[in-house]
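J.: First residue of the sequence shown? That's 1 in UniProt numbering, and the numbers climb one at a time after it.
C-beta atoms are modelled at their ideal positions from N, C-alpha and C, and glycine is treated no differently.
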Amino acid sequence: MEIEYKVNHPITANQYIELINKTTLGERRPVDNETTIKGMLENSNLIVTAWIDEQLVGIARSMTDFHYCCYLSDLAVDESIQSMGIGKYLILVTAESVVEGCKIVLLSAPKAEGYYPKIGFTEHNSAWVLTDINQLILPQ
1 MEIEYKVNHP ITANQYIELI NKTTLGERRP VDNETTIKGM LENSNLIVTA WIDEQLVGIA
61 RSMTDFHYCC YLSDLAVDES IQSMGIGKYL ILVTAESVVE GCKIVLLSAP KAEGYYPKIG
121 FTEHNSAWVL TDINQLILPQ
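Now the structure itself:
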């Protein structure tokens, strides 16, 4: 089985949704909101994909300045073919697409927390998330 990796190759919202639904990441992505998915894909400036024949089997979707920081927002591989190194290679191609020394940063899905230390990532304990702007405390 030959896997082809592509950088910034266009994919459709349906291709993304179909792949994400074959992973645990589907639980945390708005797969029922095609408008949001389209916006996610159109506004990501680095997308590395893995293909078998014409079938999308993996994705590393990032937002980056290409020099200092690369936020790897999605790393997903079809569960039926995981453990073949596809995720690692998606990260490698992502790293090769930015300048040497550019930090790759991600938030782990709960079920994947044990994966990242095994492949060389170090834990950083000060990530913060604001999901509801109404929770922002403004100065009085």
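For residue 117, collect the residues of the same chain with a Cβ closer than 8 Å to its Cβ; drop the 5 residues on either side in sequence, then sort them by chain order.
T.: Here the set comprises 123.
J.: Residue 38 and residue 76: beta carbons closer than 7 Å?
T.: No; because the gap between Cβ atoms is not below 7 Å, this pair is not in contact.
J.: Are the Cβ atoms of residue 50 and residue 94 separated by less than 7 Å?
T.: No; because the gap between Cβ atoms is not below 7 Å, this pair is not in contact.
J.: How is the alpha helix (DSSP H) around residue 2 delimited, first residue to last?
T.: No alpha helix (DSSP H) holds residue 2; DSSP gives it neither H nor E.
J.: Please tell me whether residue 88 and residue 119 are closer than 7 Å, where the distance is taken between their beta carbons.
T.: Yes.
J.: Under three-state DSSP, which class holds residue 58?
T.: Three-state result, residue 58: strand.
J.: Leaving out five residues before and five after residue 69 in sequence, what residues of the same chain have Cβ atoms less than 7 Å from its Cβ?
T.: These residues qualify, in order along the chain: 102, 103, 105.
J.: Ignoring anything shorter than 4 residues, give me the alpha helix (DSSP H) runs that lie fully in the UniProt domain "N-acetyltransferase" (3-140), in order along the chain.
T.: Segments of the alpha helix (DSSP H) lying fully in the UniProt domain "N-acetyltransferase" (3-140): 13-20, 34-42, 86-96, 115-118.
J.: Count the other CB atoms, across all protein chains shown, that sit within 10 Å of the CB of residue 91; report buried if there are 16 or more and exposed otherwise.
T.: Result: buried.
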